[in-house]
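A.B. asks:
Chains as they are written, first to last, in my numbering: chain A, 11 to 304; chain B, 11 to 304.
1) Residue 65 of chain A versus chain B: which residues are under 7 Å apart at the beta carbon?
2) Is the region 200 to 217 of chain A in contact with the region 160 to 177 of chain A, if contact means three or more CB pairs nearer than 8 Å?
3) On the three-state DSSP scale, how would you describe residue 133 of chain A?
4) Name the chain B residues that come within less than 9 Å of residue 44 of chain A, Cβ to Cβ?
5) What residues from chain B crowd round residue 193 of chain A, counting only those whose CB sits closer than 9 Å?
6) Give me the residue from A:66, A:145, A:171 with the minimum Cα distance to residue 154 of chain A.
7) Comparing alpha-carbon positions, which option in B:24, B:64, B:27 lies nearest residue 176 of chain B?
8) Is the Cβ-Cβ distance between residue 117 of chain B and residue 72 of chain B less than 8 Å?
9) Name, please, each residue of chain A whose Cβ falls closer than 7 Å to the Cβ of residue 54 of chain B.
10) Residue ranges of each alpha helix (DSSP H) run of no fewer than 4 residues wholly in the region 207 to 282 of chain A, ordered along the chain?
11) Could you tell me whether the region 123 to 136 of chain A touches the region 120 to 129 of chain B, using the rule of 3 or more Cβ pairs below 8 Å?
12) Can you tell me where the beta strand (DSSP E) with residue 30 of chain B in it begins and where it stops?
13) Using DSSP with H/G/I as helix, E/B as strand and the rest coil, what is residue 64 of chain B?
14) Does the beta-carbon distance from residue 115 of chain A to residue 51 of chain A come in below 8 Å?
15) I need the boundaries of the beta strand (DSSP E) containing residue 123 of chain A, first residue and last residue.
16) If we count Cβ pairs, one from each stretch, closer than 8 Å, do we get three or more for the region 20 to 27 of chain A versus the region 79 to 93 of chain B?
17) Which whole-angstrom value is the C-beta distance of residue 263 of chain B and residue 185 of chain B, which I expect to be below 8 Å?
18) Would you call residue 41 of chain A buried or exposed, if buried means 16 or more other Cβ atoms sit within 10 Å of its Cβ?
19) Let's test the definition: count the other Cβ atoms within 10 Å of the Cβ of residue 162 of chain B and tell me whether it reaches 16, buried, or not, exposed.
20) For a contact defined as C-beta to C-beta under 9 Å, what are the partners of residue 71 of chain B on chain A?
21) Could you have a look at residue 39 of chain A and say whether DSSP puts it in helix, strand or coil?
22) Using C-beta distances below 8 Å, list every residue in its chain close to residue 230 of chain B, excluding the 5 sequence neighbours before and after it, in chain order.
23) What residues of chain B sit near residue 35 of chain A, judged by a beta carbon separation below 9 Å?
24) Just to confirm, are residue 250 of chain B and residue 100 of chain B a CB contact at a threshold of 8 Å?
25) Among B:265, B:191, B:284, B:192, which has the Cα closest to the Cα of residue 200 of chain B?
26) Please classify residue 181 of chain A: does DSSP put it in a helix, a strand, or coil?
27) Quick check: what's the CA-CA separation for residue 139 of chain A versus residue 181 of chain B?
28) Please state whether the Cβ-Cβ distance between residue 277 of chain A and residue 137 of chain A is less than 8 Å.
29) Given a cut-off of 8 Å on the beta-carbon distance, is the pair residue 105 of chain B and residue 31 of chain A in contact?
30) Starting from residue 152 of chain B and walking both ways along the alpha helix (DSSP H), at which residues does that stretch end?
31) Taking buried to mean at least 16 other C-beta atoms within 10 Å of its own C-beta, is residue 68 of chain A buried or exposed?
32) Considering just the uninterrupted stretch of the alpha helix (DSSP H) at residue 90 of chain B, what are its terminal residues?
33) Compare the C-beta of residue 38 of chain B against all C-beta atoms of chain A and say whether one is closer than 8 Å.
34) Which chain A residues are close to residue 118 of chain B, counting only those with a beta carbon under 7 Å from its beta carbon?
35) Mind checking residue 222 of chain B: buried by the 16 CB within 10 Å criterion, or exposed?
36) Show which residues of chain A have a CB atom less than 8 Å away from the CB atom of residue 132 of chain B.
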């Protein structure tokens with residue numbers, strides 16, 4: 011049941027609301043060996059909050075269902091749901107708890123739209139493309155978790171993976187200033203830029219050299235023999251926002267946002283995503299995307 | 011995250027809405043050997059519609075997440091979700107599909123409240139207790155499914171179990187007429203009456219001889235050596251409504267509702283549920299409730 015955007019938009023009475031749901035399943039989205047039930051519950055709320063942020067909305071209510079193989083697991087997950095709900099200012103309406111052989115949690119969210127929702131379809135040639143925050147830290151953290159690496163140099167990266175920080179304020183500011191298109195980076199920049207291209211019937215040009223990548227992400231990726239910029243462009247689960255907007259809007263957003271807003275490319279006529287680095291075109295990065303099989 | 015009623019009630023803009031979520035998990039709520047993925051998707055919507063019905067609301071929107079061990083299973087489940095959404099007049103906003111070792115589906119629902127919601131807490135001594143439709147057919151159908159019985163005499167019973175018919179119109183009529191308390195029968199009459207007693211700080215007296223039990227339910231239960239009335243009082247998953255209301259309101263409801271409304275008892279001072287049959291008190295029916303272990 012694809013929504014076709016980060017959220018569905020519905021009119022309830024006199025207001026517009028954004029609605030979405032995301033489910034996390036053990037063995038598919040996380041492993042019990044490296045994510046605690048509390049982490050999983052927390053993240054389930056965070057990724058839904060990120061969907062609302064990507065519409066420019068204010069997250070308000072969540073319904074959460076889930077459960078694990080034993081009461082302790084279910085309780086831990088619920089504690090994480092409550093912790094994140096408090097952290098992100100959403101009110102947990104309830105839901106359902108049950109037993110399940112694999113820890114599973116599904117969160118449905120309702121967000122209030124005070125401005126017209128920012129869809130994937132509003133990117134226009136000439137717009138700048140920018141991202142909030144930083145890229146690749148979550149992917150690097152996942153590599154550390156999968157490799158059993160727990161040292162201090164990966165602690166921040168692991169936390170970025172397990173406890174995403176959705177960009178609600180930046181998203182709302184982008185909506186207020188009139189950004190053209192917005193999407194949250196869950197699949198990875200390369201895939202999510204493509205979603206904007208397809209949604210807006212435009213092309214995008216992204217310069218890998220412009221991606222905001224923290225030093226620890228670069229160093230850890232390099233230590234594993236990975237290209238940090240390719241990791242940042244394909245890794246996924248950043249839960250940053252990708253925004254398309256004219257230069258004037260983007261300047262205003264960069265000045266007002268509570269997180270860094272970094273221009274990484276531009277919207278062009280045509281279709282598809284072109285990646286460049288040092289002035290050279292790279293082949294389609296999807297060819298590089300062997301991350302999930304790592 | 012207990013809601014404490016069938017739904018949470020929230021004000022969205024200028025209106026009141028009911029919100030709920032229910033999750034179904036293979037091996038816990040159904041077995042793949044007797045429930046098709048399509049049945050499971052259908053039922054997941056139906057039980058949520060029933061929660062809205064029990065508040066007197068009109069179901070409007072669902073978000074559905076889920077998935078199974080292979081794409082065919084997931085697709086079948088989604089087809090059932092769509093079929094039920096059309097059947098019950100709810101709009102599927104989207105959701106999330108994923109892989110999962112055990113077929114799992116979670117539905118979140120939003121229903122519109124045109125009348126003040128009917129809670130579990132409004133039963134008053136002197137009210138009559140009534141149920142819509144019939145009791146025990148779903149439990150008899152489940153016994154047939156668990157026993158591998160598929161003959162024509164159980165076909166209707168099995169369908170009652172796999173394809174519940176939530177009582178939206180009757181619930182809304184009860185709300186309009188000013189019923190005191192209402193709950194949908196998911197756990198079984200004995201348990202759900204107790205929820206009303208606890209929610210309203212009253213006692214209830216239920217006469218097993220008054221329970222509306224269809225002939226085929228009686229005959230099949232008897233053929234298995236089970237007491238049909240005890241089965242109807244404890245079996246669960248009827249997805250009928252239990253309503254507490256003064257006699258005048260109940261008369262109006264019985265006259266207007268699109269399904270039979272049968273008085274099965276009354277609300278009294280004190281606390282707890284008393285079951286009677288042929289003028290004799292029965293011990294607490296929870297002692298009879300060995301259904302799940304059958």
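C-beta: ideal position from N, C-alpha, C; glycine also.
C.D. replies: Short version:
1) Those within 7 Å of residue 65 of chain A in chain B number zero; the least Cβ separation is about 13 Å.
2) no
3) coil
4) Under the 9 Å cutoff, chain B gives no residues; its nearest Cβ is about 18 Å from residue 44 of chain A.
5) Residues of chain B passing the Cβ test: none, with the nearest at roughly 15 Å.
6) A:171
7) B:64
8) yes
9) The contacting residues do not exist; residue 54 of chain B stays about 10 Å from chain A at best.
10) 225 to 233, 238 to 244, 257 to 266
11) no
12) 25 to 35
13) coil
14) yes
15) 114 to 123
16) no
17) Rounded, the Cβ-Cβ distance is 10 Å, inconsistent with contact.
18) exposed
19) exposed
20) 18, 20, 22, 29
21) coil
22) 150, 153, 154, 163, 164, 167
23) 77, 108, 109, 110, 111, 114
24) no
25) B:284
26) helix
27) 51 Å
28) yes
29) yes
30) 147 to 157
31) buried
32) 81 to 98
33) yes
34) 31, 73, 118
35) buried
36) Here the premise fails: no neighbours, minimum Cβ distance about 19 Å.
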